[in-house]
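A.B. asks: Okay, handing you the structure first.
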Amino acid sequence: MSNNRDIIESIPAHIRAMKGYVPGKTIEEVVQAYHPPRISKLASNENRWGHSSQVHDAVQQAMNVANNYPSALANGLRDDLAAHLKCEANQLVIGSGSESLLGLLCRTFFEEGDEIITASATFVGLNIQAHIQNIPVKQIPLTSGYAFDVGAIAASVTEQTKMVYIANPNNPTGTMISQQELDVLMASLPSRVLLVLDEAYVEFAEHLPNYPSTNEMIRRVEESLHPNTLILRTFSKAYGLASFRVGYAIGHPELISALWKTKNTFEPSGISEAAARAALADQEFLAYTVVKSNQARSRFESFLTEKNIPYVPSAANFVMILARDQIDALRITEELLHQGVIVRQLSPFGIPNGVRITVGIEEEMEHLESALAACWNSQN
1375 MSNNRDIIES
1385 IPAHIRAMKG
1395 YVPGKTIEEV
1405 VQAYHPPRIS
1415 KLASNENRWG
1425 HSSQVHDAVQ
1435 QAMNVANNYP
1445 SALANGLRDD
1455 LAAHLKCEAN
1465 QLVIGSGSES
1475 LLGLLCRTFF
1485 EEGDEIITAS
1495 ATFVGLNIQA
1505 HIQNIPVKQI
1515 PLTSGYAFDV
1525 GAIAASVTEQ
1535 TKMVYIANPN
1545 NPTGTMISQQ
1555 ELDVLMASLP
1565 SRVLLVLDEA
1575 YVEFAEHLPN
1585 YPSTNEMIRR
1595 VEESLHPNTL
1605 ILRTFSKAYG
1615 LASFRVGYAI
1625 GHPELISALW
1635 KTKNTFEPSG
1645 ISEAAARAAL
1655 ADQEFLAYTV
1665 VKSNQARSRF
1675 ESFLTEKNIP
1685 YVPSAANFVM
1695 ILARDQIDAL
1705 RITEELLHQG
1715 VIVRQLSPFG
1725 IPNGVRITVG
1735 IEEEMEHLES
1745 ALAACWNSQN
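Residue 1431 in this note's numbering sits at position 57 of the sequence shown; the count goes up by one each step and never skips.
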C-alpha cells in the first residue's frame, strides 16, 4: 500500500510552500468570539452605504432565468461599460472581480523566466495569483510616505520583467500616484512590458486634480501610444457589489482578445452581470456614496489629527493608521474587536505596524472613534 504522503508530496512545492489569503473576521465570528453590544464592520473596504436600490429588481428578474447559462462575453455589461467609458466593447473583458482578472493575466501572458515588479506593500491578491503560477514577484520598497516609488520601479526593470503592477490608489496604504508620475513610468517602460493599473478605488480618487485621467488613458491605448497598458476596475467597492464579484479590464483589443481566450467561460454569472448593469445605470447613487465616503474619510482624518494618532493621508475609502510596532498594532486590533469594531491589521500586506480602517456611515464612525480613542490611549 502506498504511503499516504505520496499524494501530499505530489502537490507542487511552490503551492505547498505558499501562504494563502488570510481573510478578515466576519460579523458572525466576532459576535461568537467577543459578544460585543454592537458591530461596525470596517475591515474590508466595502461600501458601507450599500448599493443602488435598482440592483434588487434586476437580480430578481435575472433569477427567473437562472437555469440558463449567461452570455459568455457578458455582452450587455460590456456594451453598457463601453458607452459609459466612451471606448469600444472590444477593449473590455469582464471577470469575477479584480483578483480573478489578476489570475487571468498571470496564466495568459507569462512564460518561464518572466517576473512581475510591484511595491513591497500592495494588494495581496497579486502575490497569491502570481505564486499560484510560480511567477517571481520583485517587491520594491515604498517611499517614506508609503507610496509607490515610481523611479525605483522603473530602474528595476530587467529583461525578465513581463509586468509592472501599480494599484492606484494603493491598498492598503491609500496613497496614489499622480498623472505626472504615471507619465514618467509609462515613458520608461519597454513596450514588451505590461503596465497593469489596478484602479479598484478609482471612484473615490478621480476627482483629485493630480489623479490620472481615465479618458486620457483610454485615448493612449486606442491610439497605440501605450498599447501595453491594462486598467483593472471593480464593482466591489464604490458600487457596493462585493458579494456579486464583478470586475473588468480595459486595454488594447489584441490584449483583451488574448484574455477572452483564457478566461473561465460564463464568468461572471448572469445574476452578477444583472446587478452590475443596474448599479452602473444608477450614477446618482454612486455619486452620493462617493461623496459620503470622502466626507467620512475627511472626518476620520481630522479625528486622527486631533488625537495625535499617526496615519497616512488617503485617496480611497479607508485610512491606514500607524501603531508603534506589530505588537501594538495587534493589540489595537484585538481591543477594537472586543468593542465590536472590525478592522484589518496589516502584517499580511507587508506593513506590520499598520491597521487599515474602512470609513462608514455616521453611526459606525462614532462607534469607531469612541473605541479607537479608548484603546489607543490605553498604552500609547
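Ideal Cβ placement from N, Cα and C applies to all residues, glycine included.
Which partner residues does A1623 have in the DSSP bridge list?
C.D. replies: Within the sequence shown, residue 1623 is the residue found at index 249, counting from 1. BP columns for A1623 point to V1467, L1606.
A.B. asks: Going by C-alpha distance, which of L1476, I1514, P1515, A1495 is nearest H1505?
C.D. replies: Position 131 of the sequence shown holds residue 1505. Considering only alpha carbons, the answer is L1476.
A.B. asks: Can you give me the start and stop residues for the alpha helix (DSSP H) that Q1554 sits inside?
C.D. replies: Translated into the one-based positions of the sequence shown, residue 1554 becomes position 180. Element bounds for Q1554: 1553 to 1562.
A.B. asks: Out of D1699, L1678, C1749, L1704, point me to the one whose CA is closest to F1692's CA.
C.D. replies: By 1-based counting over the sequence shown, the position of residue 1692 is 318. Comparing Cα positions, the closest option is L1678.
A.B. asks: Could you have a look at A1387 and say whether DSSP puts it in helix, strand or coil?
C.D. replies: Here residue 1387 refers to the residue found at position 13 when the sequence shown is read from its first residue. A1387: helix per DSSP, three-state reduction.
A.B. asks: Determine which residues share a DSSP beta bridge with A1493 and list them.
C.D. replies: Position 119 of the sequence shown holds residue 1493. BP columns for A1493 point to I1514.
A.B. asks: What residue ranges within the segment 1693 to 1739 form continuous alpha helix (DSSP H) runs of no fewer than 4 residues, ordered along the chain?
C.D. replies: DSSP runs (the alpha helix (DSSP H)) wholly in the segment 1693 to 1739: 1700 to 1712.
A.B. asks: May I ask which residues mark the beginning and end of the beta strand (DSSP E) holding Y1539?
C.D. replies: On the sequence shown, position 165 is the one that residue 1539 refers to. Here the beta strand (DSSP E) through Y1539 covers 1535 to 1541.
A.B. asks: In whole angstroms, what separates the C-alpha of M1375 from that of S1384?
C.D. replies: For the purposes of this step, residue 1375 is taken as the residue at position 1 of the sequence shown. For the purposes of this step, residue 1384 is taken as the residue at position 10 of the sequence shown. Because the pLDDT at M1375 is just 45, under 50, the model does not fix this residue reliably, and the value given afterwards should be weighed accordingly. Taking the straight line from one Cα to the other gives about 16 Å.
A.B. asks: Going by beta-carbon coordinates alone, are P1642 and S1470 separated by less than 8 Å?
C.D. replies: Walking along the sequence shown from the start, residue 1642 turns up at place 268. Walking along the sequence shown from the start, residue 1470 turns up at place 96. Contact: yes.
A.B. asks: Does DSSP classify L1569 as helix, strand or coil?
C.D. replies: The residue given as residue 1569 occupies position 195 in the sequence shown. If DSSP states are grouped into helix, strand and coil, L1569 belongs with the strands.
A.B. asks: DSSP state of A1426, grouped into three classes?
C.D. replies: Here residue 1426 refers to the residue found at position 52 of the sequence shown. Residue 1426 is actually Ser in this sequence, not Ala. It is coil, neither helix nor strand.
A.B. asks: On the premise that T1547 lies in contact with M1694, defined as a C-beta separation below 8 Å, what is that separation, rounded to the nearest angstrom?
C.D. replies: Start at 1 with the first residue of the sequence shown, and residue 1694 comes out as number 320. Start at 1 with the first residue of the sequence shown, and residue 1547 comes out as number 173. With a Cβ gap of about 5 Å, M1694 and T1547 count as contacting.
A.B. asks: Per DSSP, Y1685 is paired with what?
C.D. replies: On the sequence shown, position 311 is the one that residue 1685 refers to. Answer by DSSP bridge pairing, in chain order: I1695.
A.B. asks: Closest to P1411 by CA distance: which of H1741, S1474, A1652, F1484 is it?
C.D. replies: Mapped onto the sequence shown, residue 1411 falls at position 37. Answer by Cα proximity: H1741.
A.B. asks: For N1501, is the classification buried or exposed, using 16 other Cβ atoms within 10 angstroms of its Cβ as the cut-off for buried?
C.D. replies: Locating residue 1501 in the sequence shown gives position 127, counting from the first residue. Looking at its Cβ environment, which holds 16 or more other Cβ atoms inside 10 Å, N1501 is buried.
A.B. asks: Is the CB-CB distance between Y1539 and D1572 below 8 Å?
C.D. replies: On the sequence shown, residue 1539 is found 165 positions in, with the first residue counted as 1. On the sequence shown, residue 1572 is found 198 positions in, with the first residue counted as 1. Yes, the Cβ-Cβ distance between Y1539 and D1572 is below 8 Å.
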